[in-house]
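Structure, as structure tokens:
Numbering (the working numbering), first residue to last: 385 to 634.
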């Protein structure tokens, strides 16, 4: 084990580096090469500019900053900032945050008490587990699965190909959302933004209190109290309950 202590710095320009311990005040900068295994403890920072980093643990208070290269199989209870490069197959645990401000976050799992905040870049094929939250302000979220008691919050950006499972929730307060599947027991709450091409399964629910909604196929329930909704298909067993707003071309 290589210990990087307060004031110490390890710069990786090539080759392969084994298990490392980045302690408080220590910094590891990876520009090229391969880093396999290790822990960034509270106050420790791993900067990834290039190369490949795998099997890291980012403990509470620790940080991993990704500006290039590829990061895989990292367990995060601290903070992982994806500013460039690719972060894939990582698990974010309670208290942990994955901040996506550039690059690509691919096939990550957001567990209970954890957050994935998308401020730019691309988040694709991610899973939000019970108690986990994905927040989109800018950028793109694609192929997200929101499981029971998981939440996807859309404030802006572009979101498409989302599946909301039984007990999951998607809230839309801005941005563009398309190709969403609301399964039985799942809920989509729309307050603002543009939402198109939604399928509401039997016992699924869409609540519309604002925004513009088009092309919804309803096997479950669509509640409309405000906003604009059009080009919807109410099929056998489906219900559209209109308390306000504008409904046209059904």
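Here a beta-carbon is modelled for each residue, glycine too, at the ideal position from N, C-alpha and C.
These numbers come from a predicted model, not from an experiment.
Residue state for residue 403 is assigned as coil, using DSSP reduced to three classes.
The residue from 418, 500, 414 with its alpha-carbon nearest to that of residue 393 is 414.
Bridge partners of residue 451 according to DSSP: none are assigned. Note on geometry: alpha-carbon atoms of residue 620 and residue 458 lie some 46 Å from one another. Here residue 616 is buried, its C-beta having at least 16 other C-beta atoms within 10 Å. Scanning its chain for C-beta atoms nearer than 6 Å, with the 5 sequence neighbours on each side dropped, one finds around residue 562 the residues 544, 580, 581, in chain order. A straight-line Cα-Cα distance of about 11 Å links residue 542 and residue 505.
With distances taken between CA atoms, residue 502 lies nearest to 522 out of 522, 514, 517, 487.
Assignment of beta strand (DSSP E) within the region 532–563, counting only whole runs of 3 or more residues, yields 535–538, 542–548 in chain order. Distances from the CA of residue 537 to each of 588, 428, 499, 461 were compared; the closest alpha carbon is that of 499. With 16 or more other CB atoms across the displayed protein chains lying within 10 angstroms of its CB, residue 406 is buried.
In the three-state scheme derived from DSSP, where H, G and I count as helix and E and B as strand, residue 620 is classed as coil. Burial check for residue 531: the Cβ neighbour count within 10 Å reaches 16 or more, so the residue is buried. A residue is called buried when at least 16 other Cβ atoms come within 10 angstroms of its Cβ; residue 571 meets this threshold and is buried. Distance from residue 435 to residue 453 at the Cβ level is roughly 5 Å; contact confirmed, criterion being Cβ atoms closer than 8 Å. Counting only the Cα atoms, residue 630 lies some 42 Å from residue 477. Counting along the chain, the unbroken beta strand (DSSP E) around residue 437 starts and ends at 436–442. If you draw a straight line from the Cα of residue 611 to the Cα of residue 513, it comes to about 30 Å. Checking the DSSP bridge columns, you'll see residue 610 partnered with 593. The Cβ atoms of residue 417 and residue 403 lie no closer than 8 Å to each other.
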